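Colleague: When we follow the working numbering, the leftmost residue of the sequence shown carries the number 4, and every step to the right adds one.
No residue lacks a Cβ here, since even glycine has one placed at the ideal position from N, Cα and C.
Keep in mind it's a predicted model, so treat the numbers as computed, not measured.
I have a structure I would like to understand better, so I am pasting it below and will then ask my questions one at a time.
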Amino acid sequence: MANTQWMPVKIPLAHLLQNNATFAEAGKAFGKNLSNVKKHEMYPFLSLIEEARKQMNESQLKSKLAVIANPDVFGDETMAKLQGEFLSAMKSSQQNTSIFDGLSLQDVEAISSSRVHTWIKQRAAAQPNAIALSSAERTEAMTYRELANRSSQVANYLAANKVASGDGVLLHISRVFNTVIWLLGILEAGAYYVVLDKKLPDRRKAAIASISEARFLVTDDFKIQQTLSNLDITVVSLDTVERELSTQSVTLLKIAQRDDDLAHINFKFIFTSGSTGQPKGVMVQHSNLSLYVSTARSIVKLGPGSRVLQFATFAFDASVLEWVVTLSYGATLCFVDHPEEYLATIIEKNKINFFHTTLSVLSKIPVERSLDSLRMISVGGEPSSAGLLGRWRQKAQFLHAFGPTETTGSYRGRSAQRSSASVTIYDRQTFPKLDLRVCSEDSDDSLPIGKHGENCIVGPQVSCGYKGQPELTESRFRTIQLDGHDTAMYRISDKGFLDEHERLHIGGRMKNREIKPQGYRMDLQEIEKSILDHSPEVQTSTWRLAGRFHCTRDGSMRSHS
């Protein structure tokens, strides 16, 4: 019979059984229903569940539960208890679609000891022929089975080349299927990854490689070898490696776990988007990543059949939301060659259900385009525009995401206008076991409701600090007591306050003069210092944000307040 593990067949079967249908009638009706499902197989499964949830009511359907058991083994009292627990579980599943699909969100210890690459491999075992990666432009696709096999070949190749747990691997390759294959393989090998964006200047690439202390680099452009010539790092060509990978085993590589793996060895790097200073390597542990993925589904409802646009560069933290969350929950990640161009056409051609972007990019998409496949848009990295968000909310569910790289997560928010300023408000309890609070500059204790101070994030998703910058780590990352346990806290350096509804209002940076156009963090003070350092003839330099502009299709410039 066709694979029906993801199909909600309960409702049509219940209707048939309550009308005393024969087996032949039920089989015929089921076949008809299955044919209808096939015609709409790309409809997101979780969206279907939400639409069907109101109908999934046992009392209204008058369904009955019958159990056949050996009375010599199971007494009436035991059977009644089992029946009650089963019905209770069914009722709970209507309210929480993931109840049978993953660890409890409250079981932090169990989730922390899990690995996202293992979850993705489990998806591959459950739905081997489902499409994991897709490119409509290139008419290419890769199934979950193919992704699992090829990433395991990468892991076994790395192990054969003495890349061990705690080692770093740099990736300097074009944004294609191979990127995900290698990222997944690196995690499976127990190493951490660092993505070098090919658009970065050579000086920045060298700085990132040096700070990361990675010992292995995979590239499709050997010019990088000259850039990193002063570093002790093994550089291998992607083309050469591809030939060797074909000889590697597709068996999952199992790495021995040690007690200190989670805290000190297994981590990956995502470099923040600072403009002029040295890049900050945020050490995100495997436990941070697992907790983020396990809780993200409560906000970003992805599942088998969902199609997600791969938009962010893999060097940005937003890419984790795109590829890790998408593949952990069995959805399809859709690649495009030039995601910045013709974005509306790309969304339509790939039947995209979800994508994450910045407001600057969103403002360039013609709002009159239908984009019927779109279900949710996530934006972040910039102050919100109530007018723009209002227009797009008529097309899709809207998520204003907020989550520093240092906390491996996102908060949903909404835009509000306060006189001439735009303020973003975030729900305090978006993720289980993660909390927003406001503290004074000289204390880690929470301030009362309505009191202005520095915004902080507390919980197990907070990363362990910056690579090679202990003083900065000490100033921003703290350990506090929460419910009798040591808990990590990150001081964001944003001003804000909690209102009477425990929603966080963000009002700009605490001390520095950072701005964030199009998601790129820029410190105006650093820019001024850089100009003075490199231009002796300049005695004074002052920068300020005068406005926001973008070029329209007719070549004119349009400003945004």
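State the beta-bridge partners of F357 as determined by DSSP.
Modeller: V311 and M379
Colleague: If you draw a straight line from the C-alpha of T326 to the C-alpha of P74, how long is it?
Modeller: Position check: residue 326 holds Trp in this sequence, whereas Thr was assumed. Whole-angstrom Cα-Cα distance: 51 Å.
Colleague: Alpha carbon to alpha carbon, what distance is there between T243 and A334?
Modeller: 31 Å
Colleague: Could you give the C-beta distance for L173 and A212, rounded to a whole number, given that I count them as a contact under 8 Å?
Modeller: 6 Å
Colleague: How many Å lie between S376 and N353 at the Cα?
Modeller: 9 Å
Colleague: Could you say which of S38, T329, L248 and Q86 lies nearest to A133 if we only look at CA atoms?
Modeller: T329
Colleague: Roughly how many angstroms separate the alpha carbons of F33 and C337, rounded to a whole number?
Modeller: 32 Å
Colleague: Would you say P407 and L294 are within 8 Å of each other, going by their C-beta atoms?
Modeller: no
Colleague: Kindly indicate which three-state DSSP category T490 falls into: helix, strand or coil?
Modeller: DSSP places T490 in strand when its eight states are reduced to three.
Colleague: Take N152 as the anchor and find which of F89, Y195, T250 and E88 has the nearest alpha-carbon.
Modeller: T250
Colleague: Within 10 angstroms of its Cβ, does D262 collect 16 or more other Cβ (buried), or is it exposed?
Modeller: Because D262 sits at a pLDDT of 34, beneath the cut-off of 50, its placement in the model cannot be relied upon, and the following sentence gives the value as read from the coordinates. Exposed, because fewer than 16 other Cβ atoms sit within 10 Å of the Cβ of D262.
Colleague: Taking 6 Å as the limit between beta carbons, can you name the residues of its chain near D170, skipping five residues before and five after?
Modeller: A194 and R218
Colleague: Counting C-beta neighbours from all protein chains within 10 Å, is the total for K257 16 or more, i.e. buried, or is it exposed?
Modeller: exposed
Colleague: Excluding the five sequence neighbours on either side, which residues of its own chain have a C-beta within less than 6 Å of the C-beta of V179, listed in chain order?
Modeller: none
Colleague: I'd like the list of long-range same chain contacts for L187, defined as Cβ closer than 6 Å, with 5 residues on each side in sequence excluded.
Modeller: H120 and S154
Colleague: In angstroms, rounded to a whole number, what distance separates the CA positions of T182 and L485?
Modeller: Computed Cα separation, rounded: 39 Å.
Colleague: Just the Cα atoms here: how many angstroms apart are D502 and H508?
Modeller: 8 Å
Colleague: What first and last residue would you give for the beta strand (DSSP E) that runs through L507?
Modeller: R506 to R512
Colleague: Do A144 and L136 count as a contact pair if the criterion is CB distance below 8 Å?
Modeller: yes
Colleague: If you draw a straight line from the C-alpha of Y196 to the C-alpha of L90, how long is it?
Modeller: Distance between the alpha carbons of Y196 and L90 is about 45 Å.
Colleague: How would you call H488, buried or exposed, if buried means at least 16 neighbouring beta carbons within 10 angstroms?
Modeller: exposed
Colleague: Between D200 and the ligand FMN, is the CB less than 7 Å from at least one heavy atom?
Modeller: Looking for the ligand FMN in the displayed structure turns up nothing, as the structure carries no ligands at all.
Colleague: Less than 8 Å between the CB atoms is what I'm expecting for L161 and I184, so what's the real figure, rounded?
Modeller: Actually they do not touch by this definition, with Cβ atoms about 12 Å apart.
Colleague: By the DSSP assignment, the beta strand (DSSP E) with A138 in it spans what residues?
Modeller: Before going on, a small fix: residue 138 reads as Ser here, not Ala. That run of the beta strand (DSSP E) goes I134 to S138.
Colleague: Which residue comes first and which comes last in the beta strand (DSSP E) that contains Y196?
Modeller: Y195 to V198
Colleague: Look up T298 in the DSSP assignment and say whether it is helix, strand or coil.
Modeller: helix
Colleague: Which runs of the beta strand (DSSP E) at least 3 residues long sit entirely within the region 118-196? Give them in chain order.
Modeller: 134-138, 143-146 and 171-175
Colleague: Run the CB neighbour count on K124, radius 10 Å, all protein chains shown included, and call it buried at 16 or more, exposed below.
Modeller: buried
Colleague: In the structure shown, what three-state DSSP assignment does Q484 receive?
Modeller: strand
Colleague: With a 10 Å radius around its C-beta and 16 neighbouring C-beta atoms as the bar for buried, classify L475 as buried or exposed.
Modeller: exposed
Colleague: Would you decide whether I458 is buried or exposed? Buried here means 16 or more other CB atoms lie within 10 Å of its CB.
Modeller: Ile is not the amino acid found at residue 458; the sequence shown has Asn there. N458 comes out buried.
Colleague: If G224 and H175 are in contact, beta carbons under 8 Å, what's the gap, nearest whole angstrom?
Modeller: A small fix is needed here, since residue 224 is Asp in this sequence, not Gly. 7 Å between Cβ atoms; contact.
Colleague: Could you give the DSSP three-state label for D262: helix, strand or coil?
Modeller: Because the pLDDT of D262 is 34, which lies under 50, any placement of that residue in the model is unreliable, and the question is left without a value.
Colleague: Cutting at 6 Å between CB atoms, please list the residues of its own chain near E409, excluding the five before and the five after it.
Modeller: Result list for E409: V285, S466 and Y493, in chain order.
Colleague: So, helix, strand or coil for S240, using DSSP?
Modeller: S240 falls in the strand class under three-state DSSP.
Colleague: Do K283 and Y469 come within 8 Å of each other at the CB atom, strictly closer than that value?
Modeller: yes
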